[in-house]
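Engineer: Okay, here's the structure, questions in a sec.
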Amino acid sequence: MLTMQEIKNHYYFTDTDAELLKELFPLAQSKSDAMVEDFYTYLLKIPETAVFLREPKDLARLKKTHAEWFLSLFCGRYDNEYMLTLQSIGQAHVRIKVSAHYVNAAMNVVRRFLIEMLQANFPDISVRRKYRIAVEKILDINLDIMSTSYQEEELRRVFVSHRLESQLIHAAERFTYGLNLILVIALAGVSLSVVSLFFWDLVHIFRGDFEKGILSALGSLLILWMMIELMDNEIKTLKGGKFNILIFIGVIIVALIREILISTLRHDALETQAFLAGTLLILGIVYYLVAKSQHNGAHS
Numbered sequence: 357m358l359t360m361q362e363i364k365n366h367y368y369f370t371d372t373d374a375e376l377l378k379e380l381f382p383l384a385q386s387k388s389d390a391m392v393e394d395f396y397t398y399l400l401k402i403p404e405t406a407v408f409l410r411e412p413k414d415l416a417r418l419k420k421t422h423a424e425w426f427l428s429l430f431c432g433r434y435d436n437e438y439m440l441t442l443q444s445i446g447q448a449h450v451r452i453k454v455s456a457h458y459v460n461a462a463m464n465v466v467r468r469f470l471i472e473m474l475q476a477n478f479p480d481i482s483v484r485r486k487y488r489i490a491v492e493k494i495l496d497i498n499l500d501i502m503s504t505s506y507q508e509e510e511l512r513r514v515f516v517s518h519r520l521e522s523q524l525i526h527a528a529e530r531f532t533y534g535l536n537l538i539l540v541i542a543l544a545g546v547s548l549s550v551v552s553l554f555f556w557d558l559v560h561i562f563r564g565d566f567e568k569g570i571l572s573a574l575g576s577l578l579i580l581w582m583m584i585e586l587m588d589n590e591i592k593t594l595k596g597g598k599f600n601i602l603i604f605i606g607v608i609i610v611a612l613i614r615e616i617l618i619s620t621l622r623h624d625a626l627e628t629q630a631f632l633a634g635t636l637l638i639l640g641i642v643y644y645l646v647a648k649s650q651h652n653g654a655h656s
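Following the numbering used here, the numbering of the sequence shown begins with 357 at its first residue and continues without gaps.
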């Protein structure tokens with residue numbers, strides 16, 4: 357948080373400027389009522405600001421407050437207490453949800469009024485110029501400090517939003533991790549089932565059905581091999597790696613090859629075998645296209 361002295365330094369606001377503003381106090385006091393009337397005439401013309409000025413009591417109170425603020429521009433003492441007063445004004449605007457745009461626009465009304473006041477009372481250009489520079493500086497400082505309240509409110513909202521987003525993302529990541537863990541356990545269970553299937557295929561061999569037993573066992577081993585690859589890929593995903601869709605497609609292809617082998621041994625209808633072969637061809641094309649896409653992405 358900047359101190360008032362640091363802010364004044366950034367605007368090249370000197371003790372001389374403070375003295376010049378103090379000299380203008382009697383003139384500003386005589387013009388205070390006129391400034392307030394101009395100020396609220398402007399605000400009442402804007403629907404977005406007029407909504408805050410419906411009640412006569414509120415309007416009278418605000419006019420008095422703005423008259424006090426206007427005269428404080430020429431108090432000659434601009435310390436941290438002065439800054440705190442301006443911050444409270446900015447916070448009040450934020451609290452009632454007055455857009456920063458209207459604060460800036462209203463400050464321009466005050467700026468124009470003061471410039472016209474100086475032009476009317478100081479015909480000498482050099483004299484008027486030194487007063488105008490001091491007035492411009494103090495108005496800019498006031499607007500800067502008041503605007504800080506809006507910036508702090510925006511940062512607070514962003515911070516809260518960022519924390520919420522981070523918590524949601526973290527929760528989603530943990531949920532996804534849990535699902536992947538369940539998937540690994542499920543794959544392990546399926547792999548055990550494939551092992552059981554392999555031993556059942558061996559039974560056919562011992563029963564004398566060598567051709568069916570060997571081909572079925574070979575298909576089961578292929579599926580088991582692909583299940584091992586799929587589990588290995590899923591474990592890598594749990595460790596932060598990327599899921600390789602090719603492994604998943606490969607498992608389907610191997611399972612389909614096994615089904616084709618068994619279908620041939622069962623002497624299924626030609627239409628069934630043609631359907632299985634066509635499906636295998638389509639999966640092969642998909643596998644090739646995905647593999648080619650991954651290869652091109654890795655070398656781009």
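For glycine and all other residues, C-beta sits at the position ideal for the given N, C-alpha and C.
#1: Exposed or buried, which one is histidine 449 when buried takes at least 16 other CB atoms within 10 Å?
#2: Which same chain residues end up closer than 7 Å to aspartate 435 when comparing Cβ atoms and leaving out the 5 residues on each side of it in sequence?
#3: Thinking C-alpha only, which one of Phe430, Leu358 and Asn365 is nearest glutamate 378?
#4: Do the CB positions of valine 546 and methionine 582 come within less than 8 Å of each other?
#5: Which full runs of the alpha helix (DSSP H) of 4+ residues lie inside the stretch 412-487, going along the chain?
#6: Kindly confirm or deny that the stretch 633-641 and the stretch 611-618 touch, where touching means at least three C-beta pairs closer than 8 Å.
#7: Measure from the alpha carbon of valine 407 to the alpha carbon of each residue in Asn652, Ala542 and Tyr458, then state which is nearest.
#8: Would you say methionine 473 and leucine 383 are within 8 Å of each other, going by their C-beta atoms?
#9: Can you give the Cα-Cα distance for arginine 410 and valine 466, rounded to whole angstroms?
#10: Keeping to the same chain, check which residues put their C-beta closer than 8 Å to that of valine 514; ignore five residues upstream and five downstream.
#11: Between leucine 415 and methionine 463, which are expected to be in contact by the criterion C-beta below 8 Å, what is the C-beta distance as a whole number of angstroms?
#12: What did DSSP end up calling histidine 651 once you bin it into helix, strand or coil?
#13: What residue does the alpha helix (DSSP H) around alanine 390 start on, and which one ends it?
#14: What are the boundary residues of the alpha helix (DSSP H) that alanine 406 is part of?
#15: Isoleucine 579 and valine 550 look like a contact to me (Cβ under 8 Å); what is the Cβ gap, rounded to whole Å?
#16: Leaving out five residues on either side along the sequence, give the residues of the same chain with a beta carbon under 6 Å from the beta carbon of phenylalanine 369.
#17: Got a sec, what are the start and stop residues for the alpha helix (DSSP H) histidine 366 sits in?
#18: Suppose you measure from the CA of threonine 372 to the CA of arginine 485; what does that come to, to the nearest Å?
Structural biologist: Answer, in terms of the structure:
#1: buried
#2: Met360
#3: As written in the sequence, residue 378 is lysine, which differs from the glutamate given in the question. Comparing Cα-Cα distances from lysine 378 to each of Phe430, Leu358 and Asn365, the minimum goes to Phe430.
#4: No, these two residues do not count as a Cβ contact at 8 Å.
#5: 412-428, 436-451 and 456-477
#6: At 8 Å Cβ cutoff, the stretches touch.
#7: Tyr458
#8: yes
#9: 22 Å
#10: Because the pLDDT at valine 514 is just 43, under 50, the model does not fix this residue reliably, and the point stays unresolved.
#11: The beta carbons of leucine 415 and methionine 463 sit about 19 Å from each other, so the pair does not count as a contact at 8 Å.
#12: helix
#13: 381-400
#14: 403-406
#15: 5 Å
#16: A distance below 6 Å between beta-carbons, with the five flanking residues on each side excluded, links phenylalanine 369 to the following residues of its chain, in chain order: Lys493.
#17: 360-366
#18: Rounded to the nearest angstrom, the two C-alpha atoms are 14 Å apart.
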